[in-house]
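Engineer: Got a structure here, written out as structure tokens. Questions coming.
In our numbering, the protein residues as written are -16 to 251.
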């Protein structure tokens, strides 16, 4: 049962692939809270996922866009405003990909063409999205932009590979662009540092199953699920968090502030 937190609000949701993805859960929750939106993903990702099904369930239109293409993003923003009938109130950036991880390249043996591509998709795309919105003056005052990140931006998780660097850059963009967007347009920009989550993308990381079990044992509240993250994202889209901006917000059951847990000690 929703609370109508987003009644009358319009947005864009990037990255919904299948029902396991955080973006998919967020779209459903936004819909339940009264928000309307367009869905977007790269054409290749759309062929792999079930985004058409989500669009039907939420009464949404789909606009294909390559998030690394400024031309595609400018077109997406213009069409979204046209379709939704006004300026945008919320945007979710849920995009991440490492070619080095996919190809099994170690962090100490990166192929830099792969590194550059992953950085463009996972991190620079966030700046491109924000810039397209900013230049088009497409956001309403007190609008909210959220990107998903992970704690490997602050601490070393060896198998997270170059995605850790991408997330660090992503979080810096939120702070830097958040200043200008807040000062000049009264738009909020934040990142959510989510627990390891059993999404299609997350499971591509080496040793993921073991790590998600470890994080569960380390977190006093347990791991946050994709649905938990969707619920938290909605609060950041709502008017209840109008003065929250330029923040990296940990949503991880307490993992980020736990040195060691009794459960982990017991294992040794």
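Don't be surprised by glycine CBs; every beta carbon is placed ideally from N, CA and C.
Helix, strand or coil for residue 93, going by three-state DSSP, please let me know.
Structural biologist: Mapped onto the chain shown, residue 93 falls at position 110. Three-state result, residue 93: coil.
Engineer: Find the nearest neighbour of residue 214 within the set 16, 1, -1, judged by alpha-carbon distance.
Structural biologist: As a first step, residue 214 is located in the chain shown; it is residue number 231 there, counting from the start. Ranking 16, 1, -1 by Cα distance to residue 214 puts 16 first.
Engineer: Tell me which same chain residues have a C-beta within less than 6 Å of the C-beta of residue 209, skipping the five on either side of it?
Structural biologist: Residue mapping note: residue 209 aligns to position 226 of the chain shown, counting from 1. Hits under 6 Å: 5, 8, 180.
Engineer: Measuring straight from C-alpha to C-alpha, what distance separates residue 32 and residue 0?
Structural biologist: Counting from 1 along the chain shown, the entry for residue 32 is found at position 49. Counting from 1 along the chain shown, the entry for residue 0 is found at position 17. For residue 32 and residue 0, the distance between alpha carbons rounds to 5 Å.
Engineer: Hey, could you find the ends of the alpha helix (DSSP H) residue 177 is sitting in?
Structural biologist: Indexing the chain shown from 1 puts residue 177 at position 194. Counting along the chain, residue 177 falls outside any alpha helix (DSSP H), though it belongs to the beta strand (DSSP E) covering 171 to 177.
Engineer: Check residue 58 in the structure and name its three-state DSSP category.
Structural biologist: In the chain shown, counting from the first residue as 1, residue 58 sits at position 75. Of the three classes helix, strand and coil, the one that applies to residue 58 here is helix, per DSSP.
Engineer: Report yes or no: do three or more beta-carbon pairs, one from the stretch 222 to 237 and one from the stretch 164 to 182, lie closer than 8 Å?
Structural biologist: Touching, yes.
Engineer: Once you ignore the five residues that flank residue 150 on each side, which residues in its own chain have a CB closer than 7 Å to its CB?
Structural biologist: Indexing the chain shown from 1 puts residue 150 at position 167. The residues are 132, 133, 135, 136.
Engineer: Since I believe residue 71 is in contact with residue 122 (beta carbons under 8 Å), could you give me their beta-carbon distance rounded to a whole number of angstroms?
Structural biologist: Indexing the chain shown from 1 puts residue 122 at position 139. Indexing the chain shown from 1 puts residue 71 at position 88. Going by Cβ atoms, the distance from residue 122 to residue 71 rounds to 5 Å, so yes, they are a contact pair.
Engineer: Within 10 Å of its beta-carbon, does residue 192 have 16 or more other beta-carbons around it, so buried, or fewer, so exposed?
Structural biologist: Within the chain shown, the letter at position 209 stands for residue 192. Exposed, because fewer than 16 other Cβ atoms sit within 10 Å of the Cβ of residue 192.
Engineer: Could you give the uninterrupted runs of the beta strand (DSSP E) lying entirely in the stretch 107 to 137, keeping only those of 3 residues or more?
Structural biologist: Complete beta strand (DSSP E) runs here, min 3: 122 to 132.
Engineer: According to DSSP, simplified to helix, strand and coil, what is residue 78?
Structural biologist: Position 95 of the chain shown, counted from the start, is the residue given in the question as residue 78. If DSSP states are grouped into helix, strand and coil, residue 78 belongs with coil.
Engineer: Identify which residue in 51, 56, 61, -3 has its Cα closest to the Cα of residue 38.
Structural biologist: Here the question's residue 38 lines up with position 55 in the chain shown. Cα-wise, what sits closest to residue 38 is -3.
Engineer: Which of the three DSSP states is assigned to residue 233 in this structure?
Structural biologist: The residue given as residue 233 occupies position 250 in the chain shown. Strand, per DSSP.
Engineer: Spatial neighbours of residue 238 within its chain, please: C-beta separation below 6 Å, excluding the five flanking residues on both sides.
Structural biologist: Counted from its first residue, the chain shown places residue 238 at position 255. The residues are 198, 201, 202.
Engineer: For residue 245, count neighbouring C-beta atoms within 10 Å of its own C-beta (all shown protein chains included) and say buried if the count is 16 or more, exposed if not.
Structural biologist: Working through the chain shown from its first residue, we reach residue 245 at position 262. When all chains shown are included, residue 245 counts as exposed.
Engineer: Taking the continuous alpha helix (DSSP H) assigned at residue 194, which residues delimit it?
Structural biologist: Translated into positions along the chain shown, residue 194 becomes position 211. It spans 191 to 201 - the alpha helix (DSSP H) in which residue 194 sits, taken as one unbroken run.
Engineer: Compute the Euclidean distance between the alpha carbons of residue 42 and residue 19, then round it to the nearest angstrom.
Structural biologist: Residue 42 sits at position 59 when you count from the first residue of the chain shown. Residue 19 sits at position 36 when you count from the first residue of the chain shown. Between residue 42 and residue 19, the C-alpha separation is close to 8 Å.
Engineer: Helix, strand or coil for residue 182 per DSSP?
Structural biologist: Here residue 182 is taken as the residue at index 199 of the chain shown, counted from 1. Residue 182: coil per DSSP, three-state reduction.
Engineer: Going by the C-beta, is residue 64 closer than 7 Å to any heavy atom of the ligand NAP?
Structural biologist: This structure lacks the ligand NAP; in fact it carries no ligand of any kind.
Engineer: Buried or exposed for residue 101, going by 16 or more other Cβ atoms inside 10 Å?
Structural biologist: On the chain shown, position 118 is the one that residue 101 refers to. Result: buried.
Engineer: Quick check: the stretch 53 to 66 against the stretch 89 to 103, are there 3 or more CB pairs under 8 Å?
Structural biologist: Cβ pair count under 8 Å is below three, so no.
Engineer: Within a Cβ cutoff of 6 Å, which residues of the same chain sit near residue 106, ignoring the five residues on either side of it in sequence?
Structural biologist: Within the chain shown, residue 106 is the residue found at index 123, counting from 1. These residues qualify, in order along the chain: 149, 152, 153.
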